[in-house]
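Read through the structure below, which is laid out as structure tokens, and then see the notes.
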Amino acid sequence: MNRIITSGVVFTLLLSCASNTKMEKEQGKNDLVPFVEFYSITEGKALSGVPYQGRRIDGPGYSYDPKTQKLDIYRNNITDSLSIKLYLGVGKVLKGAAGQGVSSTIIGVNEYPFSYNEFTITNATNYKVNCYFKGKQFVLKPNQEYLITETKIDSLPNATVLQTTTTWKVTFTGFVKNK
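Residues 2 to 180 (our numbering) make up the sequence shown, in order.
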């Protein structure tokens, strides 16, 4: 009988130690996850001739409220949000002769470095995000942005000359409250 009581006490102590360790880990986890946005904004302008109608895109994949730090995801279902170290909003905006509309999606970053096309996030904390894009390294603090703009002129088969300006915008938008 003493053996059963002793076993019960040991089992209870083990359970309480395990639950305390789990609670400490949960309290120690980061409740705010950095949120970075990477957008390309392309605007086309006819310098001569009549351009073809640009393509239309439409599909905002998320919305973010900086006051509540809430990220609503519409198109990409992220199932493992507990292991996410950073949320990356990726989008494209078309204007003028380049087209019309906005399309975006959310990517959950689980490890660094993380690359999306030519854009790389080498590390991120609650104080800064280290990035690399088009041969340039830069660091963003919350609410800072980094812009790179390129302009090119193309001749189209219908004798139209089109100027296309693309701006890549990287913004350390803020933080998302971890659920």
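Every residue gets a Cβ at the ideal spot worked out from N, C-alpha and C, and that includes glycine.
No experiment lies behind these values; they were computed from the predicted model shown.
Identify which residue in the options has its Cα closest to the Cα of residue i.
i    : options             : result
L157 : V37, P52 and K86    : P52
K96  : F176, T166 and G109 : T166
Y88  : V94, A125 and G55   : A125
I107 : N77, S116 and E119  : N77
N144 : F176, S116 and F120 : F176
Helix, strand or coil for residue i? Go by DSSP, reduced to three states.
i    : result
L83  : helix
Q164 : strand
M24  : Caution applies to M24, whose pLDDT of 36 falls short of 50 and renders its modelled position unreliable; the value that the coordinates give is listed next. M24 falls in the helix class under three-state DSSP.
Y88  : strand
G29  : Residue placement at G29 is poorly supported in this model, since its pLDDT is 39, which falls under 50; the coordinates still yield a value, given next. Correct three-state label for G29: helix.
G136 : coil
Check this for me: beta carbons of residue i and residue j, under 8 Å apart or not?
i    : j    : result
N131 : T123 : yes
T174 : V34  : no
S49  : T152 : no
Report task. Pair every Cβ in the region 91-107 with every Cβ in the region 128-141, then say whether three or more of these pairs are closer than 8 Å. Result -> no
Report task. Write down every uninterrupted run of the beta strand (DSSP E) in the region 38-66 whose length is 3 residues or greater and which is fully enclosed by it, in chain order. Result -> 56-60 and 63-66
Query raised in the report: When the Cβ atoms of the region 164-172 are set against those of the region 31-44, are three or more pairs found closer than 8 Å?
Result: The region 164-172 is in contact with the region 31-44.
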